[in-house]
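S.K.:
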Amino acid sequence: MARQRYHDGLALRQALPGRFLPFLVGSMAFLAALALAGGIAAHSLSQRWTHGAGAVTTVQVPSPADPATATAAMGQMPATRIDAVLATLAATPGITGTHRLGDAELRALLAPWIEQTGDPSLPLPAVIELHTAPGQDVAANVLPRLQAQAPGVLMEHDSVWSDRLAALAASLQACAGLAVLVVMTVAVCVVMAATRAGLLTRRQAIGLIHALGATDSYISGRFATRVGLLALWGGVWGSMLALPMLLALSHLAAPFTAMGDAPATAPDWRDLHAWMALLPSALLWMLVVVPPAAGLTGWATTQLTVRAWLRRLP
Amino acid sequence: MFRLHDVSYAYGGSQTGVAALSHVSLDVAQGEFRWLLGPSGAGKSSLLSILSLEVQASSGMVEILGVPVRQTRRAGLARLRRRIGAVKQDFGLLPDMSVFDNVALPLRLQHRAEAEIAHEVHAIMKWVGLENRLDALPPQLSGGEQQRVAIARAVIYRPALLVADEPTNALDERQAGRLMRMFHRLAELGTTIVVATHNDAIVAKYPAPTIELLHGHLVRDHG
Ligand SMILES: Nc1ncnc2c1ncn2[C@@H]1O[C@H](COP(=O)(O)OP(=O)(O)OP(=O)(O)O)[C@@H](O)[C@H]1O
Ligand SMILES: [Mg+2]
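As given, the protein sequences belong to chains A and B, one line each in that order. Taking this note's numbering, the leading residue of the first sequence gets 1, the next gets one more, and so forth. Taking this note's numbering, the leading residue of the second sequence gets 1001, the next gets one more, and so forth.
Here is the structure:
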């Protein structure tokens, strides 16, 4: 007859069956992983749209080498229009960076038009890329001053778009956070219900070992270890099931989030490395963290549930 | 040893509940053997439940093995319970665990080595004459056999205080005699023992100081 190390009458395999909890916790972990992935994706999109290329404003300065029609600041010598504009931009708070496109960049950008007109000596305007701090409309404020220095200055910027996208991303993140919160609450309730049911089925045995001198921490520890392991197991399954979905979504999102160029086609299904490279490291970390988080949540919930229940015993 | 001072107990709370014990004061020294007598419903089981820390007195002072119960935290009470053995009127065996595991339970909770546990369980089960029923489940045993299993479990860890509720009611005369001799031997070794019984014959045969209850009141205390 097998006499197990933990033959203390609690019969936890019977009180907390090994399928029910992992299945439920696994489903919760799966949902949480998807919600978290949505949040992470929204975050990286918003990062790109508020700090990256999405927030770029371009300034066109025609006849850049002509003298400026007004000085950038009092007491300065009149300079070329492009120098005056650059000086004004550099002195404006809220502008985080300026970059004047070089000749080659410009010709590459305008190649289609240059080819059409067939005139390589066409006078080109200077083009400056501006990066602005998120949420500030500095560019519009500075435009009248630039026009005073260089008549015909044009400013093109997409901050309406990027602000909207940033707001959308923030809302998506909030929704994801809320979803994770709801999923966790449901998971905690499920664990509590399962633990209570387990306590009820082993009520007699618990009463007996309590009378024989088992401490609250022993009994709650036994239950919590079992539930924690089942929840960890469920979390592993939930994470593993979420992985293929996240890979597919990451592949679809790659052109919008990746800094470099994204492959147009999906990698070969056997090429694990290529698939993993698709997954942002934040997502990978999230998948790794979900199972222990599920286990820890199960463990802590059970500790509290069992300890509260044991209070009825003297 | 234990001391009770002005102890009352009511099932369902002291205000509205059924009074089972009223203002009981007792002082029993280490190694003493006491009979606990009284008619059915007198409060014998209730008193034993207080002594085995199964319930807390509604009022009054309870001190068991030198530990003041009311002032002691839960972990301390758990430690104290490991020094108390109790034979319950309904035996308190787990029906889905073998006789061996039932008797081994207190030792397992103390994390004793399995070899030592097996040795102790075999010895005590041999003494109660059930060494060949170790793998049986309690419901497969007769009433007297279950009672002997319950006794074996209560004494296996050599408690400093042993309370037994009608431990002979399912035993035949020969087995009851063996049990009484074991109780006296344990008392000689320093265990304080209280045995509740209705059995006047056995009290007459093994005279000892007596505690008698009537309607929850202490009516006799032969110290
Ligand atoms: N669980 C309970 N709930 C409510 N009242 C109870 C409970 N257990 C016992 N009582 C009452 O408490 C009083 C004392 O009961 P107790 O069991 O201590 O008596 P006893 O002396 O052990 O009787 P017996 O010899 O029949 O075992 C009785 O009036 C009984 O009805
Ligand atoms: Mg009784």
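Glycine is no exception: its CB is placed at the ideal position from the N, C-alpha and C atoms.
Say the cut is 7 angstroms; is the CB of D1165 (chain B) nearer than that to a heavy atom of ligand 4?
M.R.: In the structure shown, ligand 4 is absent; the only ligands present are ligand 1 and ligand 2.
S.K.: When you compare each of A:A294, A:T301 and A:D103 to A33 (chain A) by their alpha carbons, which one comes out closest?
M.R.: A33 (chain A) has its Cα closest to that of A:A294, out of A:A294, A:T301 and A:D103.
S.K.: Beta carbons nearer than 9 angstroms to chain A: which residues of the segment 1119 to 1134 of chain B have them?
M.R.: Those residues of the segment 1119 to 1134 of chain B that come within reach of chain A (Cβ to Cβ, closer than 9 angstroms) are L1134.
S.K.: Which runs of the beta strand (DSSP E) at least 3 residues long sit entirely within the segment 1072 to 1139 of chain B? Give them in chain order.
M.R.: Here the runs fully enclosed are 1084 to 1087.
S.K.: At the 8 angstroms Cβ level, is M1 (chain A) part of the contact set with chain B, yes or no?
M.R.: Because M1 (chain A) sits at a pLDDT of 40, beneath the cut-off of 50, its placement in the model cannot be relied upon, and the point is left open.
S.K.: Please compile the residues from chain B whose C-beta is within a distance smaller than 8 angstroms of the C-beta of T305 (chain A).
M.R.: Correct list: empty, because the minimum Cβ distance to chain B is about 17 angstroms.
S.K.: From I1193 (chain B) to L1161 (chain B), what does the alpha carbon distance come to, in whole angstroms?
M.R.: Roughly 6 angstroms separates the two Cα atoms.
S.K.: Residue range of the beta strand (DSSP E) that V1195 (chain B) falls in?
M.R.: Here the beta strand (DSSP E) through V1195 (chain B) covers T1192 to A1196.
S.K.: Would DSSP call T1016 (chain B) helix, strand or coil?
M.R.: Of the three classes helix, strand and coil, the one that applies to T1016 (chain B) here is coil, per DSSP.
S.K.: Have a look at P244 (chain A) and L232 (chain A) and give me their C-alpha separation to the nearest angstrom.
M.R.: Answer to the nearest angstrom: the Cα atoms are 20 angstroms apart.
S.K.: Give a yes or no on whether the C-beta atoms belonging to L1107 (chain B) and I1156 (chain B) are separated by under 8 angstroms.
M.R.: It is a contact, given that the beta carbons lie within the stated cut-off.
S.K.: Is the closest heavy atom of ligand 1 to the C-beta of A316 (chain A) under 7 angstroms?
M.R.: What the structure shows of chain A is the stretch from 1 to 314, and residue 316 (chain A) is not part of that stretch, so it cannot be assessed.
S.K.: Should G260 (chain A) go down as buried or exposed, given a rule of 16 or more other Cβ atoms within 10 Å for buried?
M.R.: Bear in mind that the predicted position of G260 (chain A) carries a pLDDT of just 44, short of 50, making it too unreliable to give a figure here.
S.K.: Quick check: the Cα distance between A1123 (chain B) and R307 (chain A), rounded to an integer number of angstroms?
M.R.: Each residue's alpha carbon lies about 36 angstroms from the other.
S.K.: With respect to 7 angstroms, is the separation between the Cβ of K1126 (chain B) and the closest non-hydrogen atom of ligand 2 below this value?
M.R.: No, the beta carbon of K1126 (chain B) sits no closer than 7 angstroms to any heavy atom of ligand 2.
S.K.: Are A148 (chain A) and T57 (chain A) closer than 8 angstroms when you measure CB to CB?
M.R.: No.
S.K.: Please find out if some non-hydrogen atom of ligand 2 comes closer than 7 angstroms to the beta-carbon of S1045 (chain B).
M.R.: At least one heavy atom of ligand 2 is nearer than 7 angstroms to the Cβ of S1045 (chain B), so yes.
S.K.: With a Cβ-Cβ cutoff of 8 angstroms, do A1196 (chain B) and L1021 (chain B) count as a contact?
M.R.: In this structure, L1021 (chain B) does not lie closer than 8 angstroms to A1196 (chain B) by Cβ.
S.K.: So, at 6 angstroms on beta carbons, what are the nonlocal neighbours of A42 (chain A) in its own chain, with the 5 sequence-adjacent residues on each side left out?
M.R.: Excluding positions up to five away in sequence, the list reads A169, L172 and Q173.
S.K.: Could you spell out where the alpha helix (DSSP H) holding Q1030 (chain B) opens and where it closes?
M.R.: Element bounds for Q1030 (chain B): n/a, residue is neither H nor E.
S.K.: Rounded to the nearest angstrom, what separates A1118 (chain B) and L1048 (chain B) at their Cα positions?
M.R.: Each residue's alpha carbon lies about 30 angstroms from the other.
S.K.: Could you tell me whether the segment 1138 to 1150 of chain B touches the segment 1066 to 1077 of chain B, where touching means 3 or more Cβ pairs closer than 8 angstroms?
M.R.: Verdict: no, contact absent.
S.K.: Please list, in chain order, the residues of the segment 156 to 189 of chain A that have any C-beta partner in chain B closer than 7 angstroms.
M.R.: Per Cβ criterion, the list is empty.
S.K.: Going by other Cβ atoms of all chains shown within 10 Å of its Cβ, with 16 needed for buried, is W285 (chain A) buried or exposed?
M.R.: It is exposed - the Cβ of W285 (chain A) has fewer than 16 other Cβ atoms within 10 Å.
S.K.: On the DSSP bridge list, what partners appear for I1211 (chain B)?
M.R.: According to DSSP, I1211 (chain B) bridges with B:L1036 and B:D1221.
S.K.: So L208 (chain A) contacts chain B; which residues on that side make the cut at Cβ distance below 8 angstroms?
M.R.: Here the neighbours are G1092, L1094 and L1105.
S.K.: Please determine, among B:S1040, B:V1024, B:G1038 and B:E1054, the residue with the shortest C-alpha to C-alpha distance to P314 (chain A).
M.R.: Here the closest residue by C-alpha is B:E1054.
S.K.: Taking Cβ-Cβ distances below 8 angstroms as the criterion, which residues of the segment 1039 to 1058 of chain B are in contact with chain A?
M.R.: Under the 8 angstroms Cβ criterion, the segment 1039 to 1058 of chain B contributes S1052, L1053, E1054, V1055 and Q1056.
S.K.: Here's the rule I'm using: 16 or more other beta-carbon atoms within 10 Å means buried, otherwise exposed. How should K1088 (chain B) be labelled?
M.R.: K1088 (chain B) comes out buried.
S.K.: Kindly say whether A380 (chain A), judged by its beta-carbon, lies nearer than 8 angstroms to any beta-carbon of chain B.
M.R.: Since the first residue shown for chain A is 1 and the last is 314, residue 380 (chain A) is missing from the structure and cannot be characterised.
S.K.: Please classify T185 (chain A) as buried or exposed, where buried requires at least 16 neighbouring CB atoms within 10 angstroms.
M.R.: T185 (chain A) is exposed by the Cβ-count criterion.
S.K.: Would you list the one or two residues that DSSP bridges to R145 (chain A)?
M.R.: R145 (chain A) pairs with nothing; no bridge assigned.
S.K.: Please look up how many angstroms separate the CB atoms of A211 (chain A) and R1081 (chain B), rounded, as I've assumed it's under 8 angstroms.
M.R.: With a Cβ gap of about 6 angstroms, A211 (chain A) and R1081 (chain B) count as contacting.
S.K.: Whether or not the segment 191 to 199 of chain A and the segment 13 to 24 of chain A are in contact is what I'm after, with contact meaning three or more pairs of Cβ atoms, one per stretch, closer than 8 angstroms; do they touch?
M.R.: Yes, the segment 13 to 24 of chain A touches the segment 191 to 199 of chain A.
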